[in-house]
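Asker: Letter by letter, the sequence shown follows residues -21 to -1, 1 to 182 in mature numbering (1 follows the signal peptide of the UniProt record, and there is no 0).
From the three backbone atoms N, C-alpha and C, an ideal C-beta is built for every residue, glycine too.
Since the structure is predicted, the reported quantities are computational estimates derived from the model, not experimental observations.
Next up is a structure, given as structure tokens.
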Amino acid sequence: MKLATTLIALAVILAAPIAKAERLAQSGTVIIDLDTVERDGAQLPDRGTSNILVNAGFEDGSLPPWTTNNWTVTSADAQSGSFSCEDLGNFWVRQDFTPVDVTTVSSVGFWSKQPEQALQAVDFYYSASDFDEFVIFPLADWSYFDVTSQLRGSGNLQAIRIWGYSGGGPDPDLTRIDDVVVEADVPTPVVESSWGRVKGLYR
Ligand SMILES: [Ca+2]
């Protein structure tokens, strides 16, 4: 009798749902319970010898040609140089460029950090309104994220948009990024006049 009661009590305990607090956070349009996330380790950075982005490391000390609805350039922290770009909340920073055929793009990536370790949406634009959104999972300290594999197999890439996040816990929803790379094999314009002059000298 006593054993049966114990068994019933044990069965009730085992059947009770395990209380689990969700840690929801949003970046872009993506909402995720951060307690379910498995984070990747550090990836090999690509410094980009033919980066088509301008002011890619925010070393101008100001945003342009990046556009944003909340991000700012800061000297409080940097992955390299003196500046990085930071945001509090689910807002974006974006750079548009002359469209490049994706088959000429060899590498896309950037450095990011989120002290709260939440999530970060990234958008690749193929026209003014056609874009793919995906997420990465930044770490508390600076880490490089290679997102080249998110490119479509065909089309012309014309902008990259990177998000902060909101939610995820009690700490400030701080995101910082630096050294964004879109490396593409774009033909360098030939300076006709000087080249013609050089040829003229050797004739
Ligand atoms: Ca920098």
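Kindly list the residues whose CB is nearer than 7 Å to the CB of S41, restricted to its own chain and excluding five residues on each side of it in sequence; keep chain order.
Answerer: These residues qualify, in order along the chain: V52.
Asker: Which word fits N49, buried or exposed, when buried means at least 16 other C-beta atoms lie within 10 angstroms of its C-beta?
Answerer: With fewer than 16 Cβ atoms within 10 Å of its Cβ, N49 is classed as exposed.
Asker: Would you call the CB atoms of L98 and V84 closer than 9 Å?
Answerer: No, the pair does not count as a contact, with Cβ atoms beyond the cut-off.
Asker: Compute every distance between the C-beta of Q58 and the non-hydrogen atoms of ligand 1, then say whether any falls below 8 Å.
Answerer: Result yes, Cβ under 8 Å from ligand 1.
Asker: By the three-class DSSP mapping on this structure, what secondary structure does D14 have?
Answerer: Helix at D14.
Asker: Since N135 is in the beta strand (DSSP E), which residue starts that stretch and which ends it?
Answerer: Its beta strand (DSSP E) spans residues N135 to W142.
Asker: Less than 8 Å between the CB atoms is what I'm expecting for F103 and I139, so what's the real figure, rounded?
Answerer: About 6 Å; that satisfies the 8 Å criterion.
Asker: Is there at least one non-hydrogen atom of ligand 2 closer than 8 Å to the beta-carbon of F37?
Answerer: Here the bound small molecules are ligand 1; ligand 2 is not part of this structure.
Asker: Helix, strand or coil for T28, going by three-state DSSP, please let me know.
Answerer: T28: coil per DSSP, three-state reduction.
Asker: Helix, strand or coil for S128? Go by DSSP, reduced to three states.
Answerer: The answer is helix: DSSP assigns S128 an H, G or I state.
Asker: For D158 and Q58, what's the separation of their Cα atoms in angstroms?
Answerer: Rounded to the nearest angstrom, the two C-alpha atoms are 8 Å apart.
Asker: Taking the beta strand (DSSP E) that Y104 belongs to, which residues open and close that run?
Answerer: Y104 -> beta strand (DSSP E) spans Q99 to Y104.
Asker: What does DSSP give as the partner residues of G88 in its beta bridges?
Answerer: DSSP, once it has assigned bridges, lists D125 and V160 as partnering G88.
Asker: Less than 9 Å between the beta carbons of R18 and W45, yes or no?
Answerer: Contact flag unset, no.
Asker: Report the rounded CA-to-CA distance for L180 versus L136, giving the unit in angstroms.
Answerer: Residue placement at L180 cannot be trusted, given a pLDDT of 49 that sits under 50; the coordinates are not used to answer.
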